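*Asks:* full-length UniProt numbering applies: residue 1 is where the sequence shown begins, and numbers increase by one. Don't be surprised by glycine CBs; every beta carbon is placed ideally from N, CA and C. In this text the structure is predicted, and so the values were computed from the model without any measurement. Could you have a look at this structure, given as structure tokens, before my questions?
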Amino acid sequence: MSHKQPELEKSLRRKIDASSFASLRSGCTLVDIRETEDWTYATYVDKDESKKEIRAKFLVGADGKTGFVRKNYLEPKGIRLLWAESTKYQETWVALNWKITLPTPKTHPAFPLWRLGYTPEQVYDLFFPSEFRSLCNPDRPAVCGRFGPASDTLWRFEFVVSRGEDAAEMARPEKIDEVVIPYLTHPGSRYGLVSNIAKDMTTYLLG
């Protein structure tokens, strides 16, 4: 399933607003959880700094591994996230989201594929195929692919920060170019051309 988070959230909010069985309380901070034999109670502070309580048969803690439910409620009870030591994985990745603007013969007249009859849409499909791909590079694993509605032309690229590298440095535009551009470089022979369609061409596609 491919979706764009802001649009998904808008849709969920509309459904909640229209439902008589749910309500959304934004700008609140959870401060306490307690249980009785019949109910679970959650105490929270709202955006007006008023403390309030809500009760339910169940409480779902979907606030992440460092959220209040795990750190302040489950872990004090001895319920902890256990690592599978043989497969423990904890790496830093750089995640990039791009909105791709399709080049045209007018905006980029030197792009070599125009004279071969390619359209902007065909160029986009060639350089940014619809499948989400895992790039099993042993030196630097990466993933990439389109996401969201097709009409939005959104593309995501993620790559791992190697041991000894600085994450902030690897997120600089120059370092991003070093990692991403090779994957967007096509051999000229693929199109019957002498020169590769390399950085100077792929930057047309990335803006």
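What first and last residue would you give for the alpha helix (DSSP H) that runs through K15?
*Replies:* Here residue 15 refers to the residue found at position 15 of the sequence shown. Looking at the DSSP string, the run of the alpha helix (DSSP H) that includes K15 is 5-18.
*Asks:* Who are Y44's beta bridge partners in DSSP?
*Replies:* Numbered from 1 along the sequence shown, position 44 holds the residue referred to as residue 44. Answer is L30, K52, bridged to Y44.
*Asks:* Do L82 and K65 have their C-beta atoms closer together than 8 Å?
*Replies:* Sequence index remark: in the sequence shown, residue 82 carries index 82 (1-based). Sequence index remark: in the sequence shown, residue 65 carries index 65 (1-based). The answer is no: Cβ separation not under 8 Å.
*Asks:* Label F128 either buried or exposed according to how many other C-beta atoms from any shown protein chain fall within 10 Å of its C-beta, with 16 as the threshold for buried.
*Replies:* Within the sequence shown, residue 128 is the residue found at index 128, counting from 1. By the 10 Å Cβ count, F128 comes out buried.
*Asks:* In terms of residue numbering, what span does the alpha helix (DSSP H) encompassing K71 cover?
*Replies:* One-based indexing of the sequence shown puts residue 71 at position 71. Taken as a continuous stretch (DSSP letters only), K71 belongs to no alpha helix (DSSP H), as it is neither H nor E.
*Asks:* Between which two residues does the beta strand (DSSP E) containing F157 stretch?
*Replies:* As a first step, residue 157 is located in the sequence shown; it is residue number 157 there, counting from the start. 154-160 is the extent of the beta strand (DSSP E) around F157.
*Asks:* For Y89, which of D125, V160, K57, D46 has the nearest alpha-carbon?
*Replies:* For the purposes of this step, residue 89 is taken as residue 89 along the sequence shown, with counting starting at 1. That would be V160, whose Cα lies nearest to the Cα of Y89.
*Asks:* Near L113, what residues of its chain come up, given a Cβ to Cβ distance below 7 Å and the 5 sequence neighbours on each side ignored?
*Replies:* Indexing the sequence shown from 1 puts residue 113 at position 113. The answer, listed in chain order, is V123, Y191.
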